Amino acid sequence: MLFRTAVLFSVLAIAASGFSVRPSSKNTVQDAHEQLTKKIRCWEPIEDNIAGNTFSGKHTLSEPVYDLCSYMPDPKDFNKFNVNGVDMESDDFTNVLNLFQITHPRLAMLNVCLQEGFQFGAARHPSQTSIRCLCKREGCNLPKKFTTFLEFNKFPMPETSF
């Protein structure tokens, strides 16, 4: 009975989400290798989160125009996050891209998470820090809390259709 209830809730959640998800027949490493050279779709907010505006919290998948997707958990609350596709001109991503280029058939990089420090004020003021995770598979920057994002990326990306 419990199994039937879980299956029913899963089906209802997928139906209510507005798109269908088909499980993949490949494993995570195969999925990562297949997507290594493709342009990918990334989750992005429907509207800009501009100070003073109310953000709906809704996201959509972009067109397949990105090389990397970004996931940044809020440094004070890992239940909050920012997701977007990465503008490759915004920084030098050479070293990060090299990490994804591992060519061993049984190994693939899924996420590269960096803890970054920023000094915006004078040196006597504390630095600000953030975590930025970059991934290279379609839809890998799932707009959910940090632990859910990490769990989701353990598996092949589901095939979606809208």
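So the sequence shown is residues -18 to -1, 1 to 144, counted in mature numbering (1 follows the signal peptide of the UniProt record, and there is no 0). Positions of the beta carbon are idealized from the N, C-alpha and C atoms, including for glycine. Treat the numbers as computed from the prediction; the structure is a model and nothing was measured.
Return the first residue and the last residue of the alpha helix (DSSP H) that residue i is part of.
i: residue 77; result: 76 to 82
i: residue 132; result: 128 to 134
i: residue 86; result: Careful: residue 86 lies outside any alpha helix (DSSP H) and carries neither H nor E.
i: residue 107; result: No alpha helix (DSSP H) holds residue 107; DSSP gives it neither H nor E.
i: residue 16; result: 10 to 17
Our contact map puts residue i next to residue j with C-beta atoms below 8 Å; I'd like the distance itself, whole angstroms only.
i: residue 41; j: residue 27; result: 6 Å
i: residue 11; j: residue 88; result: 6 Å
i: residue 67; j: residue 44; result: 5 Å
i: residue 47; j: residue 21; result: 6 Å
i: residue 97; j: residue 111; result: 6 Å
i: residue 128; j: residue 63; result: 7 Å
DSSP has residue i in a bridge; who is on the other side?
i: residue 59; result: 56
i: residue 41; result: 27
i: residue 64; result: 54
i: residue 194; result: The shown model of the chain, from -18 to 144, leaves out residue 194, and the question about it has no answer.
i: residue 114; result: 96
Is any non-hydrogen atom of the ligand FMN found closer than 6 Å to the C-beta of residue i, if you look at the structure I gave you?
i: residue 114; result: The ligand FMN is not part of the structure shown, which contains no ligands of any sort.
What span of residues does the beta strand (DSSP E) with residue i cover, start to end?
i: residue 68; result: Residue 68 -> no beta strand (DSSP E), and no H or E assigned at all.
i: residue 97; result: 93 to 100
Cβ contact (3+ pairs, closer than 8 Å) linking the stretch 78 to 95 and the stretch 106 to 123: yes
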